[in-house]
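Peer 1: Counting from 8, one number per residue, gives the positions in the sequence shown under this note's numbering.
Pasting a structure here, questions to come.
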Amino acid sequence: MPRHSSLATTAHRPWPLPPGSWSWRQSWVELLFAHWRAPAEQLRTLVPRGLELDLFDGHAWVGLVPFRMEGVMRRPLPDLPWVSAFPELNLRTYVTHGGKPGVWFLSLDA
8 MPRHSSLATT
18 AHRPWPLPPG
28 SWSWRQSWVE
38 LLFAHWRAPA
48 EQLRTLVPRG
58 LELDLFDGHA
68 WVGLVPFRME
78 GVMRRPLPDL
88 PWVSAFPELN
98 LRTYVTHGGK
108 PGVWFLSLDA
């Protein structure tokens, strides 16, 4: 199966594309990204050793992200209405590991 054209340029990605085709699908709808500066010294205590806080303009950030997950399915199974759509709320901060960016979920509720 050919890859989507959005995957033609990958030099900006910190990791290579996974091998093979997709195995899960999901859509995020009714989405909000709300962010606040947080004291790095306090946030540091909530992040495991080995991860560094990813600072922006010299500040650590906490994000609150509410959304609705829809169309969640495992290939080749169909969508199951009673498990394929649900609300989710995550509280996150941004980290790096080995110079590569990532997200650390302080809380993830679905």
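Ideal Cβ placement from N, Cα and C applies to all residues, glycine included.
To the nearest angstrom, report how far apart Q33 and M76 are at their CA atoms.
Peer 2: For Q33 and M76, the distance between alpha carbons rounds to 7 Å.
Peer 1: Just list the residues that DSSP pairs P73 with in beta bridges.
Peer 2: P73 is bridged to L96.
Peer 1: Which of the three DSSP states, helix, strand or coil, is assigned to R44?
Peer 2: Strand at R44.
Peer 1: Quickly, what does DSSP pair E59 with across the bridge? List them, please.
Peer 2: DSSP output for E59 lists T103 as bridge partner(s).
Peer 1: Here's the rule: buried if 16 or more other CB atoms are within 10 angstroms of the residue's CB, otherwise exposed. What is A15?
Peer 2: By the neighbour-count rule (16 or more Cβ atoms within 10 Å), A15 is not buried but exposed.
Peer 1: Whole angstroms are fine: how far does the CA of P85 sit from the CA of P46?
Peer 2: For P46 and P85, the distance between alpha carbons rounds to 45 Å.
Peer 1: Based on Cα-Cα distance, which residue from G105, S30, W43 lies nearest to V69?
Peer 2: Among G105, S30, W43, the Cα nearest to that of V69 is on W43.
Peer 1: Need the endpoints of the beta strand (DSSP E) that R36 sits in, please.
Peer 2: Here residue 36 is Val; the residue named in the question, Arg, does not match the sequence. Start and end: 31 to 36.
Peer 1: Pop quiz: P73 and L39 are said to be a contact at Cβ under 8 Å. What is the actual Cβ separation, rounded to whole angstroms?
Peer 2: Contact flag correct, Cβ pair sits at about 6 Å.
Peer 1: Quick check on R82: does DSSP put it in helix, strand or coil?
Peer 2: Correct three-state label for R82: coil.
Peer 1: Quick one: using the 10 Å Cβ neighbour count with 16 as the cut-off for buried, is T100 buried or exposed?
Peer 2: So T100 counts as buried.
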